[in-house]
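Peer 1: Would you mind keeping the following structure in view while I ask a few things?
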Amino acid sequence: MTANRRETRLALLLVFPAVAGLVIFNYYPILQSLLYSFFDLEFTTDWLRADFIGLGNYAVVMQSDQFWYTFLFTLGFTVVAVTMDLTLGMLFALATFYVPRGMRALLRAIIIVPWAIPKVIQASMWRWMLNSDVGPIGDLLMRLGLVEQPPLFLADRVLAMAGVVAAYTWKGSSIAAFFLMGGLALIPREVRESAVVDGAGAARRFVSITLPMVMPTLFVALLYRSQDALRVFDVVYGLTGGGPGTSTDTLSSFAYQNYFRYAQFGRASTYAVVTFILIGIVGVFYISRIKRNFSFRD
Numbered sequence: 017m018t019a020n021r022r023e024t025r026l027a028l029l030l031v032f033p034a035v036a037g038l039v040i041f042n043y044y045p046i047l048q049s050l051l052y053s054f055f056d057l058e059f060t061t062d063w064l065r066a067d068f069i070g071l072g073n074y075a076v077v078m079q080s081d082q083f084w085y086t087f088l089f090t091l092g093f094t095v096v097a098v099t100m101d102l103t104l105g106m107l108f109a110l111a112t113f114y115v116p117r118g119m120r121a122l123l124r125a126i127i128i129v130p131w132a133i134p135k136v137i138q139a140s141m142w143r144w145m146l147n148s149d150v151g152p153i154g155d156l157l158m159r160l161g162l163v164e165q166p167p168l169f170l171a172d173r174v175l176a177m178a179g180v181v182a183a184y185t186w187k188g189s190s191i192a193a194f195f196l197m198g199g200l201a202l203i204p205r206e207v208r209e210s211a212v213v214d215g216a217g218a219a220r221r222f223v224s225i226t227l228p229m230v231m232p233t234l235f236v237a238l239l240y241r242s243q244d245a246l247r248v249f250d251v252v253y254g255l256t257g258g259g260p261g262t263s264t265d266t267l268s269s270f271a272y273q274n275y276f277r278y279a280q281f282g283r284a285s286t287y288a289v290v291t292f293i294l295i296g297i298v299g300v301f302y303i304s305r306i307k308r309n310f311s312f313r314d
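Laid out in structure tokens, this is it:
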């Protein structure tokens, strides 16, 4: 056996555990959901004798008003939340470069706090803050004289939607800020200093220099945050449970409800497959735009 062949076998052996884990925990559930979506599977169904219905579940889903509401809410949530993520993330990232040097480390540490908190704990925190009986947000609004009674944040449809977006953005803007801090750090200092010497104001420097040079990083952050928002589950489930009613259900949380609450396994798998396809379409679109507009070193 030659040395090259031994090295190749050793490399494959070392990579095998990671590949096996990826197949078992990522690709197998996807294929399993795709398979289940073609069968009429419920809690009382004998899975070995389940009826094959082809695209029947997909037809039922596409004719469901609740599906289209959930689908449109997921898209709307993604647009609003990702826009806020990137806007606040850019402001936070810029702030770390313009505050006094001695405060930069402290500011970056503050920015990282939301990112470091697990999503389940984050949802619990926001559920407490938005609680109309003991939450500090309602109490603050009353003390400021803006309301007479604490708003029912989690019982009102519009307020619940706003609460979900706020909770998601609180963490998402932290993640976006770290993406953009890396992009801003790649801008040569000489370029920024030359613009200052030429008399360009802060707004002109941002539009003409900072934004174009950080655009590749911004696109990557946009791709990552969009795909995460389209499949959001934990914040919705932990904060509102999809309520009031089903007004804040996303595709992922609605699939969960169908699977574990209604025991409609085939239909729940269909929702999961639709979510997967939607995320894939968004990913392909963004990546094609990135390749078309930017060039990267090989």
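So for the sequence shown, the numbering used here puts the first residue at 17; every next one is plus one. The beta carbon of each residue, even a glycine, is placed where N, CA and C say it ideally should be.
Shortest alpha-carbon distance to L71 belongs to which of Y302, V298, V289, S304?
Peer 2: Among Y302, V298, V289, S304, the Cα nearest to that of L71 belongs to V289.
Peer 1: Report the rounded CA-to-CA distance for G92 versus L110, giving the unit in angstroms.
Peer 2: Spanning the two alpha carbons is a distance of roughly 27 Å.
Peer 1: Rounded to the nearest angstrom, what separates N20 and P33 at their Cα positions?
Peer 2: Answer to the nearest angstrom: the Cα atoms are 21 Å apart.
Peer 1: What alpha helix (DSSP H) runs, 4 residues minimum, are completely inside the segment 252-288?
Peer 2: With a minimum length of 4 residues, the continuous alpha helix (DSSP H) runs that stay inside the segment 252-288 are 267-272.
Peer 1: Just curious, the alpha helix (DSSP H) that T99 is in, first and last residue?
Peer 2: It spans 81-114 - the alpha helix (DSSP H) in which T99 sits, taken as one unbroken run.
Peer 1: Counting contacts by CB-CB distance shorter than 8 Å, is V39 in contact with chain D?
Peer 2: No chain D appears in the structure shown, which is made up of a single protein chain.
Peer 1: Note down the Cα distance separating D62 from Q138, rounded to an integer number of angstroms.
Peer 2: Distance between the alpha carbons of D62 and Q138 is about 39 Å.
Peer 1: Can you tell me whether S53 is buried or exposed? The criterion is at least 16 other CB atoms within 10 Å of its CB, across all chains shown.
Peer 2: Classification of S53: buried, given that the 10 Å Cβ count is 16 or more.
Peer 1: Going by C-alpha distance, which of M229, G188, L157, A36 is nearest V251?
Peer 2: When each option's Cα is compared against that of V251, the closest is G188.
Peer 1: Alpha carbon to alpha carbon, how far is L47 from I128?
Peer 2: Taking the straight line joining both Cα atoms gives about 36 Å.
Peer 1: Would you identify the three-state DSSP class for D67, choosing helix, strand or coil?
Peer 2: Of the three classes helix, strand and coil, the one that applies to D67 here is strand, per DSSP.
Peer 1: Leaving out five residues on either side along the sequence, give the residues of the same chain with a beta carbon under 7 Å from the beta carbon of L50.
Peer 2: Counting only Cβ-Cβ distances below 7 Å, and skipping sequence neighbours, we find V289.
Peer 1: Please determine if the segment 228-243 and the segment 197-209 are in contact, where contact requires at least 3 C-beta pairs separated by less than 8 Å.
Peer 2: The answer is yes - the segment 197-209 touches the segment 228-243, with three or more Cβ pairs under 8 Å.
Peer 1: Going by C-alpha distance, which of V236, R241, T264, K135 is nearest G179?
Peer 2: Considering only alpha carbons, the answer is T264.
Peer 1: Tell me, please, which residues DSSP counts as bridged to F55.
Peer 2: F68.
Peer 1: Under 8 Å between the Cβ atoms of G254 and R143?
Peer 2: In contact: G254 and R143 (Cβ atoms closer than 8 Å).
Peer 1: Does W186 pass the burial test, meaning 16 or more other C-beta atoms within 10 Å, or should it be called exposed?
Peer 2: Classification for W186: buried.
Peer 1: Do the CB positions of V136 and F195 come within less than 8 Å of each other?
Peer 2: No, Cβ-Cβ distance for V136 and F195 is not below 8 Å.
Peer 1: Determine the direct distance from the alpha carbon of P130 to that of G118, and round the result to whole angstroms.
Peer 2: For G118 and P130, the distance between alpha carbons rounds to 22 Å.
Peer 1: Going along the chain, which residues of its own chain have a beta-carbon closer than 8 Å to the beta-carbon of S190, five neighbours each way excluded?
Peer 2: These residues qualify, in order along the chain: G105, F108, I127, I128, V129, P130, W131.
Peer 1: Considering only residues of the segment 140-166, which uninterrupted alpha helix (DSSP H) runs meet the minimum length of 4 residues and lie entirely inside it, listed in chain order?
Peer 2: The qualifying runs are 152-159.
Peer 1: What separation, rounded to the nearest whole angstrom, lies between the Cα atoms of G282 and F270?
Peer 2: Computed Cα separation, rounded: 13 Å.
Peer 1: Let's test the definition: count the other Cβ atoms within 10 Å of the Cβ of F55 and tell me whether it reaches 16, buried, or not, exposed.
Peer 2: Per the 10 Å Cβ criterion, buried.
Peer 1: Tell me, to the nearest whole angstrom, how far the beta carbon of I293 is from that of R247; I am working on the premise that it is less than 8 Å.
Peer 2: The Cβ separation is near 12 Å, so there is no contact.
Peer 1: Identify whether D172 lies in helix, strand or coil by the three-state DSSP scheme.
Peer 2: Three-state DSSP puts D172 in coil, outside helix and strand.
Peer 1: In angstroms with no decimal places, state the Cα-to-Cα distance between R5 and I225.
Peer 2: This structure gives no information on residue 5, because the portion of the chain shown stretches from 17 to 314.
Peer 1: Tell me whether N42 is buried or exposed, calling it buried when 16 or more other Cβ atoms sit within 10 Å of its Cβ.
Peer 2: Label assigned to N42: exposed.
Peer 1: How far does the alpha helix (DSSP H) with A211 in it reach, from first residue to last?
Peer 2: Here the alpha helix (DSSP H) through A211 covers 205-213.
Peer 1: Please state the DSSP three-state secondary structure of L202.
Peer 2: Here L202 sits in coil by DSSP.
Peer 1: Quick one, are the C-beta atoms of A211 and A97 less than 8 Å apart?
Peer 2: No, the Cβ-Cβ distance between A211 and A97 is not below 8 Å.
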